[in-house]
Amino acid sequence: MKEAVGAVEVPDAGERRIMMGNEAFARGIWEAGARVATAYPGTPSTEILQNLGTYPPEDVHAQWATNEKVALDVAIGAALAGVRAATAMKHVGLNVASDSLMSQSYMGVNAGLVLIVCDDPGIHSSQNEQDTRLFGRLAQVPVLEPSDAQEALDLTRLAFEISEEFDTPVIVRSTTRLSHTRSPVRLGERSKPPERSFVNDSVKNVALPAHARIRHPLVIEREARLGEYASSPELARVEKGTGGLGIVTLGSAYTYVKEVLPEASILKLGMPLPLPERALREFSDSVERVIVVEELEPVIEQAMCALGLAVEGKAFFPRTGEFSPERVRAGLQEAGVLEPRPEAVALPIDPLPRPPVLCAGCPHMSSYMAMRALGARVMGDIGCYTLAALEPLSAIDSCVAMGCSIGLAAGVAKAGTETRPIVATLGDSTFLHSGIPPLIDAVYNQADISVLILDNHTVAMTGGQDHAATGRTLRGEPTHRVDLEQLVRATGVEWVRKVDSYDIAALYHACRDATEYTGVAAVLSDRPCVLDPVKIQGPPFEVEAAGCTACQACMNLSCPAISWTAEIMDGRHKVEIDPIGCMGCSLCVQVCPSDCIRATANGANA
Amino acid sequence: MGASADRGMMEIRLSGSGGQGLVLGGRILARALLLDGLCVAQSQSYEPTSRGGLCRADVVAAESTPDHPLVGELDLLVLLDPIAAAASLELLRDEALVLADSSLADGFSDGELADVYLPGVELADVDLADIKVHSLPLYQTAKRLGAPRVANIVALGALTTLAGRWSQEAMEAAVLEEAPRRSSDLNLQAVRLGLALPEGQRVAR
Amino acid sequence: MASDSSSGERQNLQGNVACALGAIAAGCRFYAGYPITPSSEIAEQMAARLPKVDGVFVQMEDEIASIGAILGASVGGVKSMTATSGPGFSLMQEGLGYASQAEIPCVIIDVMRGGPSTGMPTRPSQGDVMQARWGSHGDRPVIALAPASVGEVFEQMLRAFNLSETLRTPVVVLIDEAIAHLSETIDLSSSMPTPLASRKVATGDVAGFLPYAATDDGVPAMQCPGDGYRSHMTGLTHGEDGFPTQDPATVERVMRQLLGKLDRNMEQIECFETLECDDVDVLVVAYGITARAARRAVVSARERGLRAGLLRPITLWPFPERRFRELASSANTVLIPEMNAGQLCVELERLCPHPGPVVRLNRIDGECISPRQILEQIEKLHAHD
Amino acid sequence: MTDSDSSLPASFDIRDYLRTDLFPHFMCVGCGHGIALRCLLTAVHELGISKDELAVVSGIGCSGRIAAYIDANTLHVTHGRPLTFASGLKLARPDLTVVVVTGDGDCLSIGGNHLIHACRRNLDITCLMLNNEVYGMTGGQVSPTTDEGRYTTTTPLGNHEPSFDACSIATAAGASLVGREITFQAPALKNLIVEAISHPGFGFVEVISDCTEIYGRRNDLGSSTEMILSQKSGMRPESYGGALDQPFRPGNWQTGVLSRSDREEYAAAYRRRTRSARPEEQT
Amino acid sequence: MSASSRLSDRAIAPQATPTNVLVVGVGGQGVVMVSRVLAKLCERNGLDIKQSEVHGMAKRGGVVFSHVRFGERVYSPTIPEGEADIVLAMEWAEGLRWLPFLKRESGGLIADTQRIVPPFSCRNRKRGALHGYQTMGLEELEEVVARVVAVDATGVASEVGNRRAANTVLLGVLSSMLDFDPSEWREVVAEVVPPKTIEANLLGFERGREWALQETRAELPTPPEPERPTHAADRVELEIVEAWCKGCDICVKVCPERCLELNGSQVAVLRDPAACSGCRVCEWLCPDLAIHVRILPAQEEH
């Protein structure tokens, strides 16, 4: 998605385009006439804002925010000021933003405010698989759930209208599957919402206890109205089929049901929350047996139970993982609805494990080699580098959520049980996202820890987005660049050192010195990501097989460009470097104890 | 060292300046004496001598190894260059014999040293009694052969005849053995012309 | 250049040439050296002659390297030598010390020249006598030979190698410039009486081999690389096993053996000549070229009825003390002519059995002492009687 | 030790090449010289050189003490002079494999003259120079390879003299094989030594060693592990060139074989030149 | 509420079985590019399509797959197991991984014979350890799969001058099995690949297509063979001479397996013998020569 920089031609209304779910969300935001859109990158939501960045800047201000809460706050502000605003985030991003959401729900909106929240069933790229619908229930805000790209566009537009009509923020829930599936979309016109401006109404706009007490009953009343709205046939569509079975489903699950049970009667929910009570009751009455097919939590199923309706669901379908036609089929088989299918081609061997790894040339490798060498107790954080917890680096002892590392480290230090050096490691973007308050806390409370900031100049995990310390905006325009070193010093850290991540020894020495320092010491391990936002590839290296002793010390880097050859020495494989994969970082050269890694011809000194 | 006797001892010096072939001359002379059955000790000045500098070659000979191998009282002295005179004349023993190139003692064929005018030589401190000087055209003879550098060989021949203490055969043989082979003929001619030069001026001691 | 064949065995040889011939005759097959006046002809001769006997000549970058190289070659089992003059000899002192300590046979020729420092490179001197004795630090066994004629140079080279090999010690041959550059008639056939000796080579059990074991003659057997003993050699004070030690008892024991080995073998080491020493009033002690003058002087003195005698040490170090004491005790006067400021003289004053006059005759002007000078001195000493 | 000659043990145990009764060796904790010792002996093993055929000559200093630990013909000589002893030994005994173990001070300072001439002669000797940048044995004085600014007992305010590059000197002086390795790259060092010993001619191998106790401590260079790792990052294999903006080059060392020429070996040249004089050639 | 009408527009559509192509490979190989070509072809032909992929961790050398379904009407974005008409594998082992998705009777596997070995497969450093990259040969594969096309796409791409064009070579092969106009294929390929590489990619496409359309393919590329043990699983013995060790810590720090430590008396000990792979790094770097690694023949099992 590097081409995000700069506006491209906006497709005309009426065209049929094949779009990724996230592109459709972006189109929906644009078509809805939103003027402000914000996000902090997070898989699988990242492309929404990236894509919005391709729409004309005069139409919509699209920006990366420091974190999801900031993103939501900016959107709230814009809505209060009278323009439609959207923010996009991944499910765990809503945890960060939830503080604002909870109160915003009471305050309502002025212009439309939509949160697009992408869940990650199956945990493709997250730390959990929480179900955002539960957040919707907690915040008492409506949740819409599209099931393909067309619906993503349509429901996003609808969400703004609901938001303004019911004076509430609206969540549009996506999932990884929807966000990352391409399907045809018929495009619409950009609408022109009514002109608004800030409304002076302190009871509504200022969340004081007294005001909140006034607003809460209104929210409950709003919830009831929304539930009725959700039951409308447009949002709770009944597809009449054959037989007495009725399936209640929504989102991606709907497509799987249609795939494996095309003839059944279906109630497809477009807006599961607030609960479309009437529609559910009517559907239940119209069929003999109701089965709810919903991914993750049994939100609808339990609600129907609470309504006293006879319903089945999670008895046949798991609460974990991503659904698929197979899984839906399996559940329906178990429910006795479908006959077993003949077995598919059996795989005669175990599939090859191919877990994600740090990239060839990743500057994080050396940082964690240093951690390993120091024997440090490492509190990790969220980013590519979380992969360093895996073999062979095995250098991260804990990782909870964005920005947690420093706080965790301070806690470990204060516990007083740890004899090893305590280090918090986090990326540049993660540090800005939520690492600064804990750093201030650590200095304030005199924690004896070291903080290793892995500054790769980008949000690498999500594909190389900009942030406040890259000096560029979402649209690629130059802007102020946060000086991380100065920032760290400003929090009160006196011992700060910046080292080239590719200088293994210097990095190690800096980390060692940092751990020997009493108090908070910070090391900035500094090298741009080799892959994003631009690929940085130097001339590759190669292994002189004759000199290789098969010690495989280089394998500890976990570099994917290094693998075994067929040549065996002393019972172990010698290694080789894939010339296409190698980025030329030289880290392997720096750890090789046998001086057998050389530049290929084009990499040699002229 | 055997018993001290120094029987038949003689001390000879060839002197002149660098480039005159004195060291080779000394070696030939020593060789000739060896061939005649004597024991010799031959030494020379060792300083690096360029053309024109003082140079000498000494030979001490006796029937057995001489007690002292260095010259102290010269019996025979060959002078090829006036620069060499002063250092050697004082070592001349009584009745010593001096052979000088005729260019050094212009106008004299031979005579007592005291009577000979040697340009540039102060003789004040030298006891000149009974010292015979033979002035012979050593260089001129060599020039006749087309090779002034063989004046040393001519001198050896003349000295052989004048001294009469070793055989002409030994000298001829020594010249052939010690001098460069490629100029054997020339050297043989030179030594023979030298042998003939004194023309009966042999001085018996 | 002396021809080797045309005149039978008698030939005129320069001292330096005789030195080289003597070395080769003694079995020397390795020479390393650095050019220095007045020794250079030795190197030149060795360079020309060693290949003919399958030996190796190498001109090193300096005298330090030269002695290092010959010690290395000797360790390899090859008889080795170097030649130099005063300044170079000074540079070799560390290596000499090493050779003494590690007991490596080698022969060093010092063709003496005027000093100190660069001094008079082409002029004769006998100024290195004490350098030969005390030049290297520490206590060490020292053998120095002082031949007085070209023929003796040849002979003493044979002895030098024999002593060096049999006693596993460096042997210094001090040659006067005047002899080094003197051509003398010598008869090589009559100069070959000495049978060649070789070092005692280790034999027997490899396991129990001690490279510096105590032996009756004080000389341990020497291993040769490749023979399986694989011993260690060091300049550090070592035990019998060759490895460094600072254990006082071991150090004492091993050093005693090292320093005592010359005494135990004095018979083969001691070498001197006496002339007219039966009834001596004036005992002349002289070595090298000075002894040649002294010889003539003594002969002349005797001709004049003066009772002079000559003691000529050929092995200068260790000095033939016993014989000197005997002669000196019967003489009225000891006259020591030396081409230095009186180096041996100091030693002899110490050795003199009575406080009788020890008279010096020194020349430090780059000229040899002449027979006449010595004779005059003898006459003077008699006149004083 | 009677199983001396050609029958080498099938599985290599370094102790077969050591005088084990002298161990533990006297070198300090973490001294890189021990690593070099292993590499040397492993190379000897790999080349099938018997201990009896091996002669090791060493000079004075910490490096000089290494010879004693090797079960071979060992010669521990005077300061700076091992190359001279070795030259004599090799010329006298061409059948021996002669290896010189020397140090930076021994080889470059007091023995500098011998080094350049040994290089020039190109005798078939392998010179292993253990460069730890300091005079360790005498207590840590400045050496010709001490980096500028380093603290030693004789540069208490930091070294003001520039250091020089032994390999460049050796190359310029004509050593026909010149190489450098760091101890961290022990197998490569072993390979380099194998190459140097096999090479017919003078092989000069500089080993970047570490002196943790005396030098490292004074200059705050860290533990021995850290020092050898720093050397690793201080080196510049040819491969680094151009690949990156050279971010990690404090030492700027190149390793591996740095120069090689096929000059005639000294003894061969000597034999060729003196052929006409040799008795066996005349018959 | 205008949105509602749109939803109802496509309540029921005529059912027709979609064509299912599963494109698989390893992060960075261009799987997404291949599926975008298919998506564009469908767009041009007015077909319904769902093309689904997973982003994020996948690009970090992990498994990448893209479900492409097209036809009159497509619901599920993912292909159900056993329903794929074609699995297009850009890497051999990845092709094997997805075999259960193939239609049992008619499914075809197009697989590049290239091997991309994940670091994970090289983790076991014990002596005699096999690659974790276990695979099947062509013959074994033909027994379980209806149609297998093994193609050395990487090799062909190298021949046309750009190794990265392997995916268009595979597209060429794929084009021979799908009912789209060849000229449309070319146009779409040219649209999708980076402008600088159009030529190489079109050439790759042609080569792949030609090769696939040959009556008999003369030279079948050799797919990777299963790894066989080449070395006995020797035992490793690591001996540390306590009296020689001075406790410098080098071995502890350099051991790639982290299996050494210093004990209370600052002597190195083997903490985790099972982890020791006998790589000798500690032995090489022990300045005290105190570590000795012995490789012993595997004990016979009776």
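Protein chains in written order, with my numbering: chain X, 1 to 606; chain V, 607 to 811; chain F, 812 to 1196; chain G, 1197 to 1479; chain P, 1480 to 1781. Note that the Cβ used here is the ideal one computed from N, Cα and C, for glycine as well.
Scanning D987(F), E872(F) and K863(F) for the CA closest to the CA of R1474(G) turns up K863(F).
Under the DSSP assignment, R327(X) falls outside any beta strand (DSSP E), being part of the alpha helix (DSSP H) whose first and last residues are P325 to E334. The alpha-carbon separation between L1692(P) and W1571(P) amounts to approximately 21 Å. Rounded to whole angstroms, the Cβ separation of G838(F) and F972(F) is 6 Å, and the two are in contact under 8 Å. Here K1191(F) is exposed: its Cβ has fewer than 16 other Cβ atoms, across all protein chains shown, within 10 Å.
N1076(F) counts as buried, since no fewer than 16 other beta carbons sit within 10 angstroms of its beta carbon. Not a single C-beta of chain V is nearer than 8 Å to the C-beta of N1173(F). Nearest neighbour of A1464(G) by Cα position, chosen from S1429(G), I1365(G) and N1318(G), turns out to be N1318(G). For T156(X), the enclosing alpha helix (DSSP H) starts and ends at A149 to F166. The Cβ-Cβ distance between L683(V) and A702(V) falls below 8 Å. For the segment 499-513 of chain X, the residues whose beta carbon sits under 8 Å from a beta carbon of chain G are, in order, D500, Y502, D503, I504, A505, A506, Y508, H509 and R512. Within a 10 Å sphere around the beta-carbon of A1112(F) sit 16 or more other beta-carbons, which makes this residue buried. Two segments are said to touch when three or more pairs of C-beta atoms, one from each, lie closer than 8 Å; by this definition the segment 1112-1129 of chain F touches the segment 1088-1100 of chain F. Collapsing the DSSP output to three states places S975(F) in a helix.
In this structure A85(X) touches A34(X) by the C-beta definition: roughly 6 Å separates them, less than 8 Å. Residue pairing by DSSP puts V1772(P) in a beta bridge opposite L1717(P).
In this structure Q590(X) does not touch C1758(P) by the C-beta definition: roughly 18 Å separates them, more than the 8 Å allowed. Distance from the CA atom of L628(V) to the CA atom of R840(F), rounded to whole angstroms, is 34 Å.
In the three-state reduction of the DSSP assignment, L134(X) falls in the helix class, which pools H, G and I. Within chain P, no residue has its beta carbon less than 9 Å from that of C529(X); the closest one is some 11 Å off. Runs of the alpha helix (DSSP H) lying entirely within the segment 456-503 of chain X, each at least 4 residues long, are 484-490 in chain order. Boundaries for F1020(F): no alpha helix (DSSP H) harbours it, and the DSSP string shows neither H nor E there. The Cβ neighbour count for A1629(P), taken over all protein chains shown within 10 Å, is at least 16; the residue is labelled buried. Under the DSSP assignment, Q650(V) falls in the beta strand (DSSP E) whose first and last residues are C645 to Q650. For the pair of segments examined, the segment 1210-1223 of chain G was found to touch the segment 1259-1271 of chain G: the number of CB pairs separated by less than 8 Å reaches three. Chain order gives the chain F residues near D673(V) as R1103, R1106, R1107 and V1110, where near means a beta carbon separation below 7 Å. The contact set of S594(X) on chain G, defined by CB atoms closer than 7 Å, consists of Q1381, P1383 and A1384 in chain order.
Linking V36(X) to L332(X) through their CA atoms gives a straight-line distance of about 44 Å.
For a cut-off of 8 Å, the C-beta gap from A410(X) to P437(X) is around 11 Å, too long to register as a contact. With a cutoff of 8 Å on beta-carbon distance, D1038(F) and A1013(F) are scored as near each other. Secondary structure of C384(X) (DSSP, three-state): helix. Of all residues in the segment 878-891 of chain F, the ones placed with a Cβ closer than 9 Å to any Cβ belonging to chain G are I878, G879, A880, I881, L882, G883, A884, S885, V886, G887, G888, V889 and S891, in chain order.
The shortest CA-to-CA distance from L1653(P) to any of A1747(P), P1673(P) and I1589(P) is the one to I1589(P). Between the alpha carbons of G1640(P) and M1512(P) lies a gap of roughly 19 Å. The distance from the Cβ of L799(V) to that of T747(V) is about 5 Å, consistent with a contact at the 8 Å cut-off.
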